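Student: Here you go, one structure.
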Amino acid sequence: MELLISLTIISVIVVIISGALRIGVRAWEKGEQDIETRQRYRIVLDLMKRQLTSICLRKMTDKSRQSFFLKGDNKSLGFLSYKHLIPANTFGTVYVRYIVNPGENEGEHLIFYEKNIVLLAKDADMDNLNEDDFHDLIPELHNIEFEYLKKQAEGFEWQPSWEPENDKGIPLAVKIIFKKDALSAPVSVVVRMNQDTDA
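The sequence shown begins at 8 in our numbering and counts up one residue at a time.
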């Protein structure tokens, strides 16, 4: 009888220990996954920041290329940059376009397009690029938005879009806002833009 009780107690202890180990392993794996995700966000945002601060302000004389001036709304942004992210673009100025698309589970994902301006067709429609030419940057977030800082007569104002037809030059800064999930607080990255023209 005592042996049976001892075996039962040992079995219960083994079950408790194995359950605790399983919980510990799951927590470890989830923690590693969260760290990996955060590192990816940090790297992507740093690359975007570098590309934005290397914006090309050269005035285009070709009328078909007027759309190359910085243009954006809260879900997309296009501009010329001296900094490329794609290894194949090893020289010259590139046209960059970031787009926020609906993702799975009511989330959003950030994709980007980049091409050397020498290789762009003169009649290319910058607002309707082939989605097959885009690359994933951030696969899934609850929300991603852009805002643009404009100098007003009295102070400064963040606005949801930047139109070359209405807004002179480039914004003083671009804000990238993202939320990981519905419960998390929004994280903002403000990129100060270089206002010195190069032509």
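Even for Gly, the Cβ is constructed at its ideal location relative to N, Cα and C. This structure is a prediction, so every number in the text was calculated from the model and none was measured.
If we ignore side chains and look at the alpha-carbon of each, how far apart do V101 and A192 end up?
Tutor: So the two alpha carbons sit approximately 34 Å from each other.
Student: Look up I183 in the DSSP assignment and give the residues it is bridged to.
Tutor: F153 and V196.
Student: Can you give me the Cβ contacts of A180 inside the same chain, cut-off strictly under 7 Å, excluding the 5 residues immediately before and after it?
Tutor: L156, V197, V198, R199 and M200
Student: Which whole-angstrom value describes the C-beta separation of F86 and L77, a residue pair presumed to lie in contact below a C-beta threshold of 8 Å?
Tutor: 4 Å
Student: Can you tell me where the beta strand (DSSP E) holding I118 begins and where it ends?
Tutor: E115 to N123
Student: Run through DSSP, which three-state label would Q159 get?
Tutor: coil
Student: Distance, Cα to Cα, L190 vs P109?
Tutor: 19 Å
Student: Given this structure, state the Cα-to-Cα distance separating F119 from V19, to the nearest angstrom.
Tutor: 54 Å
Student: Mapping DSSP to helix, strand and coil, what is E111?
Tutor: coil
Student: In chain order, what residues of the same chain have a beta carbon less than 8 Å from the beta carbon of N96, not counting five sequence neighbours either side?
Tutor: Counting only Cβ-Cβ distances below 8 Å, and skipping sequence neighbours, we find E121, K122 and N123.
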